[in-house]
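Taking it in order: structure first as structure tokens, then the write-up.
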Amino acid sequence: MAIAELFLGAFLQLLFERLASRELLNFAWREGIVMLLKKWEKMLISINQVLDDAEDRQLTSDLGVKSWLEDLRNLAYDIEDLLDEFATKSVENKSKAESSTGKARFLLPCCCFRVMFDHKMRSKVEEMDGRLEELITRKDSLSLIGNNGKRSAYRQLDKLLPTTYLPEPYFVSREDEKMEILRLLTGEEDDKKCVDLKVIPIVGMAGVGKTALAQQIYNDAWACVSDDFNVLAITKNILETTNSHLSCEGKDLNWLQDKLKENLSGKKFLVVLDDIWNEKYGNWTILLKPFQSGAKGSKIIITTRNLHVASIAGAPPKTLKELSLDACMTLFAFHALGVGNFDRHPNLEVIGRKIVEKCKGLPLAVKTLAGLLRTEVCPHKWEATLNNKIWDLPEERNEILPALKLSYLHLPSNLRRCFAYCAIYPKDYEIERDELIHWWIAEGLLEGKKGQNHWNVGLNYFNELVARSFIQKSSSGGS
6 MAIAELFLGA FLQLLFERLA SRELLNFAWR EGIVMLLKKW EKMLISINQV
56 LDDAEDRQLT SDLGVKSWLE DLRNLAYDIE DLLDEFATKS VENKSKAESS
106 TGKARFLLPC CCFRVMFDHK MRSKVEEMDG RLEELITRKD SLSLIGNNGK
156 RSAYRQLDKL LPTTYLPEPY FVSREDEKME ILRLLTGEED DKKCVDLKVI
206 PIVGMAGVGK TALAQQIYND AWACVSDDFN VLAITKNILE TTNSHLSCEG
256 KDLNWLQDKL KENLSGKKFL VVLDDIWNEK YGNWTILLKP FQSGAKGSKI
306 IITTRNLHVA SIAGAPPKTL KELSLDACMT LFAFHALGVG NFDRHPNLEV
356 IGRKIVEKCK GLPLAVKTLA GLLRTEVCPH KWEATLNNKI WDLPEERNEI
406 LPALKLSYLH LPSNLRRCFA YCAIYPKDYE IERDELIHWW IAEGLLEGKK
456 GQNHWNVGLN YFNELVARSF IQKSSSGGS
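Each residue of the sequence shown is one higher than the last, beginning at 6 in our numbering.
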């Protein structure tokens, strides 16, 4: 799904503002196109009312809706370009009028529009008008549902509590794995076999809980790596963690590694490298150079989806399996109902078990889907989630887990746009909460009631995304 489609609603709002601006209306009146622009505004409002449903439908691989959204996006961009041309033309006309002071001036009536309006621009206007009318016709044939239908009631954000952040529960069903890794970290080793540096890889599929397990064990010296294995950036990150008073900006790799070596020399340490993808042995050995100065028994934990990464690190992997169904049920109940069981809501347990089975033992899917049903105790809502057609899509056509897609699908449209805005940041980037909210405000993504403080709206949106597991609290703490 193109990120641009997620911003269509916000983009159309900007078009509405421009179509209603005094400058454009004055120009349109002089050129005789006021009624045409009013017509466009009404058609765009009609389209805007069905955007939520269109986004839902295209997520379930409705090709007709996907094509309609793509054409709408292209037309919206072209209309904006045309409005820019109108603005330029208006400035030119004003400049000419001011330069002809003292000369007789008069306005032609609107019937003379076709004579005075630039032929090329007139052709563009007629083309836009035709494309917009075609989109309206296709909208009706696709039977898209407007926001005044039943759909909007389910997606209102007004019912959210002022603060929706849930604390993490006790670490569900990973005690054996946790103790095994702790044994590897703290166990006394034979002096003859003891090496200067030991690497412990935690391997598992996406969403299985590798990072969460590593955080349970250690959460201080931490570097999130991801698919961009940038030795300089990783080294800088770790150095700043070990010495927060050191200025590393603009320093090269040699300087950074020398300083890190000084900081670690003769000391026993534990470092976590999260989400490693690098399979190049050369890059790995360069990264490890400063760590060789540490005391015997120093450890590095790495998390990865790739077994080849573990082999490059020269260490036997600790493979993390999916959670058991019972463990998933406990996790699901906590995030959906706020407790670790279904004792208070026995009528939801059977439906909940069927929903959890679809998550295939992946904690991330369980938490995210539970966030969708958080505080919902109506069996019909749970059944609607269980029976959603998104589960029936062939796996090869799903780029993300159906559970995650379904949770995204049920985000209110304003939350969707705020979450989509986060795509401008690299994967695993640590986003400052306050900075992100300021950007949301600047981009006009926050929709609140009249008189409502934008900052408070943004804070509620942020907390809601955290509660639904779309945003994860950073391992380095802070906000």
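For glycine and all other residues, C-beta sits at the position ideal for the given N, C-alpha and C.
| query | result |
| --- | --- |
| Given a cut-off of 8 angstroms on the beta-carbon distance, is the pair LEU416 and TYR466 in contact? | no |
| Starting from VAL314, trace the alpha helix (DSSP H) both ways and give me its first and last residue. | 312-317 |
| Consult DSSP for LYS301 and reduce its assignment to one of helix, strand or coil. | coil |
| Out of curiosity, what's the CA-to-CA distance linking ALA25 and VAL471? | 37 angstroms |
| By Cβ distance, which residues of its chain are closer than 7 angstroms to CYS364, with the 5 residues on each side in sequence left out? | CYS333, ALA370, VAL371, LEU374, ALA408 |
| Compute the beta-carbon to beta-carbon distance between CYS423 and LEU450, rounded to the nearest angstrom, for a pair I have assumed lies under 8 angstroms. | 5 angstroms |
| Using only the alpha-carbon positions, how far apart do ILE281 and ALA318 sit? | 11 angstroms |
| Given a cut-off of 8 angstroms, decide if LYS323 and ILE150 are closer than it, judged by their beta-carbon atoms. | no |
| Between which residues of its own chain and ILE141 is the CB-CB distance below 6 angstroms, once the five residues before and five after are set aside? | MET48 |
| As an exercise, report each continuous beta strand (DSSP E) stretch of at least 3 residues that is fully enclosed by the region 218-278, in chain order. | 227-231 |
| Apart from the five residues just before and just after VAL230, which ones in its own chain have a Cβ nearer than 7 angstroms to its Cβ? | ILE239, LEU278, ASP279, ASP280, ILE281 |
| What would DSSP say about LEU409, mapped onto helix, strand or coil? | helix |
| Have a look at LEU80, GLU75, ASP145, LEU29 and flag the residue whose alpha-carbon is nearest the alpha-carbon of VAL96. | LEU29 |
| Could you pull out every residue in the same chain whose Cβ sits closer than 8 angstroms to the Cβ of LEU88, ignoring the five residues on either side in sequence? | LEU20, ARG23, LEU24, LEU29 |
| Could you tell me how far apart the beta carbons of ARG473 and LEU377 are, in whole angstroms, since I believe they sit closer than 8 angstroms? | 7 angstroms |
| Kindly list the residues whose CB is nearer than 7 angstroms to the CB of ILE84, restricted to its own chain and excluding five residues on each side of it in sequence; keep chain order. | LEU20, MET133 |
| Does DSSP classify ASP280 as helix, strand or coil? | strand |
| How about PRO321 and ILE356: are their beta carbons less than 8 angstroms apart? | no |
| Apart from the five residues just before and just after LEU42, which ones in its own chain have a Cβ nearer than 8 angstroms to its Cβ? | LEU24, LEU29, LEU30, ALA33 |
| Considering only the alpha carbon of each residue, which of LEU336, HIS340, THR335, TRP387 lies closest to ASN352? | TRP387 |
| Quick one: what's THR206 bridged to in DSSP? | The residue asked about is misnamed: residue 206 is Pro in this sequence, not Thr. For PRO206, which the question treats as bridged, DSSP gives the partners ILE307. |
| Is ASN311 closer than 8 angstroms to GLU284 when the C-beta atoms are compared? | yes |
| Give the DSSP bridge partners of THR324, in chain order. | VAL208 |
| Just to confirm, are GLY299 and LEU336 a CB contact at a threshold of 8 angstroms? | no |
| Cα separation between ALA341 and PHE347? | 10 angstroms |
| Decide if GLN297 is buried, meaning its Cβ has at least 16 other Cβ atoms within 10 Å, or exposed. | exposed |
| How would you call ALA211, buried or exposed, if buried means at least 16 neighbouring beta carbons within 10 angstroms? | exposed |
| Quick one: using the 10 Å Cβ neighbour count with 16 as the cut-off for buried, is TYR413 buried or exposed? | buried |
| Might you give, ordered along the chain, the residues of its own chain that have their beta carbon closer than 8 angstroms to the beta carbon of PRO4, omitting 5 neighbours on each side? | Residue numbering for the chain in the displayed model covers 6 to 484; residue 4 lies beyond these limits and cannot be assessed. |
| State the start and end residues of the unbroken alpha helix (DSSP H) segment that holds ASP433. | ASP433 -> no alpha helix (DSSP H), and no H or E assigned at all. |
| How about LYS183 and ILE222: do their beta carbons lie closer than 8 angstroms? | yes |
| What span of residues does the alpha helix (DSSP H) with VAL486 cover, start to end? | Examination of residue 486 is not possible in this model, given that the chain is present from 6 through 484 alone. |
| Which same chain residues, not among the five before or five after ILE38, have their C-beta less than 6 angstroms away from its C-beta? | none |
| Within this structure, are the beta carbons of LEU17 and ALA92 separated by less than 8 angstroms? | no |
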